[in-house]
DNA sequence: TGAGATATGTAGCTTAGGATACAGAGGGCA
DNA sequence: TGCCCTCTGTATCCTAAGCTACATATCTCA
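Structure (structure tokens):
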């Protein structure tokens, strides 16, 4: 099952469904930092992340990037699903944030599974609706928050257990849709206040409550 | 069928499916300008717009509004669908833009239809994926365009056939998430150039190509 | 080990956008 | 018909955010 047994919906397949899946699924491994789907590309299957992380993002006319959402292991690249069902061209770029392994289920196979397997129907609706909520939350964020609030939110949400976020300032800027200089400026202010510490390629949160307070102000 | 025969997916139901639908569907008519779903509300069914228009929007902490998307006749209020499947509380407000008639399919009925009727499965996935694309387009707009570009886009997209948009400047501001004064300022500039004409409660597009050029600049 | 590439930090300047305030026009209703 | 409410238009001021430029530090690799 090419690693898809990690996904509960696929474990719940009938024997016939498992046979159908196994017949067409392939696995691909990509290095980090690579764009694996370009906007406008005619996508040919459902992508499930087995390990690593995918980043779905868009470019502004000014050339700046903004992350729309991230895809963690066990999750699927929903836009590929959409392209399956609606024959729409891909509306964003997809990049590997780090070395990433993806299982790809070909469109006809996925469609066949969807028609006959309740667990795949549930998986599809759940994945789509979760994405709708995420996008709405992101849209609300962009509309209603100042840049320093969005940066603080990004740090809190994406830092590891120990409080460190391993990303360059350029990468952070690419996520929240601003310039590297603005990220440096805002991080500088936070560092000056003792709330964080910066180093090359990383930000360490020292006072989470202070960052949370920025968001609420 | 309470008007739902306008929706192709419901016309395609089996006799058993039609019986199930008719057993639970209700119709509601609302005046224009009313909030019919509040954020956080525990929504109890799938809402289909028969006539009128619904507006799904969010508030900023500053009290400003921003429209997430509109729902036209024949379309469904997807967030209600999401709340059905995932028991999530509603993440936005829903308001009638004008007098609106809505058919409401209770959650258990919709779930039953989804499980047994391929056309409802298709309708659900199509509605969700269409919304995902809309939200991504909106997110891309907000990230990458100046306010005058978003206003021009809004005018072009929402004007009637004859080129007139029947909305107050306050309403327009509420859609694109800015202040009435900014909308007045930007419309004033466009009017000065002869591209549009403003009057109370309406904007008439005089030169569509000029507005399109703003978006591309 | 050092060159070169990448990342960080900072400065100066400009413009977009928002806040606040207020005046006047238009329309509805008693 | 006139009052009052709603809507439009404009002015002034301020700050956030972006652009451009450049210096310095850190890391990789030959």
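Protein chains in written order, with this note's numbering: chain A, 1 to 217; chain B, 1001 to 1217.
Heads up, the beta-carbon is just placed ideally off N, CA and C, and yes, glycines get one too.
If we define contact as Cβ-Cβ less than 8 angstroms, is residue 1129/B a contact residue for chain A?
yes
ask   = For the region 1111-1122 of chain B against the region 60-78 of chain A, are there 3 or more C-beta pairs whose distance is under 8 angstroms?
value = no
Over the uninterrupted beta strand (DSSP E) stretch that includes residue 944/B, give me the two end residues. A question about residue 944/B goes unanswered here, because the residues of chain B that appear run from 1001 up to 1217.
Task: Beta-ladder partner(s) of residue 1047/B, from DSSP - done: 1077/B, 1104/B
Self-check item: Spatial neighbours of residue 1027/B in its chain, beta-carbon cut-off 6 angstroms, leaving aside the 5 residues before and after
Solution: 1002, 1103
Discussion item. Under 8 angstroms, Cβ to Cβ, is there at least one residue of chain B near residue 136/A?
Written reply: yes
Taking all protein chains shown into account, decide if residue 11/A is buried (16 or more other Cβ within 10 angstroms of its Cβ) or exposed.
Counting Cβ neighbours within 10 Å, residue 11/A comes out exposed, since fewer than 16 surround it.
When you compare the CB of residue 30/A with every CB in chain B, is at least one pair closer than 8 angstroms? no
May I have the straight-line CA-CA distance separating residue 202/A from residue 160/A, to the nearest angstrom? Our two residues, residue 202/A and residue 160/A, have alpha carbons roughly 11 angstroms apart in a direct line.
Discussion item. Let me confirm a value: residue 193/A is counted as buried when at least 16 other C-beta atoms fall within 10 Å, else exposed. Which label applies?
Written reply: exposed
Selection from 156/A, 22/A, 51/A, 77/A that minimises the alpha carbon distance to residue 209/A: Taking residue 209/A as reference, the option from 156/A, 22/A, 51/A, 77/A with the minimal CA-CA separation is 156/A.
Of the listed residues 61/A, 148/A, 179/A, nearest to residue 170/A (C-alpha basis):
179/A
**Q.** CB of residue 1014/B within 8 angstroms of CB of residue 1106/B, strictly
**A.** It is not a contact, given that the beta carbons lie outside the stated cut-off.
Item to complete: Answer yes or no: do residue 1077/B and residue 1054/B have a C-beta to C-beta separation smaller than 8 angstroms?
Response: yes
- prompt: Nearest chain A C-beta to residue 1177/B closer than 8 angstroms, yes or no?
  reply: yes
### Cβ of residue 121/A within 8 angstroms of any chain B Cβ
yes
Whose C-alpha, out of 96/A, 38/A, 141/A, is nearest the C-alpha of residue 1062/B? 141/A
Note to self: At a CB distance below 8 angstroms, what residues from the region 1068-1087 of chain B approach chain A? Give them in sequence order.
What the structure shows: 1068, 1078, 1079, 1081, 1082, 1085, 1086
* To do: Measuring only between beta-carbons, confirm whether residue 1125/B sits less than 8 angstroms from chain A.
  => yes
Listing by chain order, which chain A residues have their CB less than 9 angstroms from the CB of residue 1118/B? 115
The beta strand (DSSP E) that contains residue 65/A, what's its start and end? 65-71
Residue 23/A: buried (16+ other C-beta within 10 angstroms of its C-beta) or exposed?
exposed
- Task: For residue 1056/B, count neighbouring C-beta atoms within 10 Å of its own C-beta (all shown protein chains included) and say buried if the count is 16 or more, exposed if not.
- Result: buried
Using 8 angstroms as the cut-off, can you tell me whether the region 87-94 of chain A makes contact with the region 31-43 of chain A, which would need three or more C-beta pairs spanning the two stretches below that distance? As far as the Cβ criterion goes, the region 87-94 of chain A touches the region 31-43 of chain A, which means the pair count is three or higher.
Between the region 10-44 of chain A and chain B, which residues of the former have a C-beta closer than 9 angstroms to a C-beta of the latter? Hits within the stretch: zero.
Go ahead and pull the three-state DSSP assignment for residue 1097/B. If DSSP states are grouped into helix, strand and coil, residue 1097/B belongs with the strands.
* When Cβ atoms are compared, which residues of the region 1140-1161 of chain B fall closer than 7 angstroms to chain A? -> 1140, 1142, 1143, 1144
**OP:** Starting from residue 1092/B, find everything on chain A with Cβ-Cβ shorter than 9 angstroms and list it in chain order.
**Re:** 136, 140
Exercise for review: Give a yes or no on whether the minimum CB-CB distance between residue 66/A and chain B is below 8 angstroms.
Suggested key: yes
Query raised in the report: Are the region 121-132 of chain A and the region 1127-1137 of chain B touching by the rule of at least three beta carbon pairs closer than 8 angstroms?
Result: yes
- Could you name the residues that DSSP lists as bridge partners for residue 204/A? According to DSSP, residue 204/A shares a beta bridge with 164/A, 197/A.
Would you please verify whether the beta carbon of residue 132/A is less than 8 angstroms from any beta carbon of chain B? yes
| said: For a cutoff of 8 angstroms on Cβ pairs, would you count residue 1058/B as touching chain A? | reply: yes
Hey, is residue 61/A's beta-carbon within less than 8 angstroms of any beta-carbon in chain B? yes
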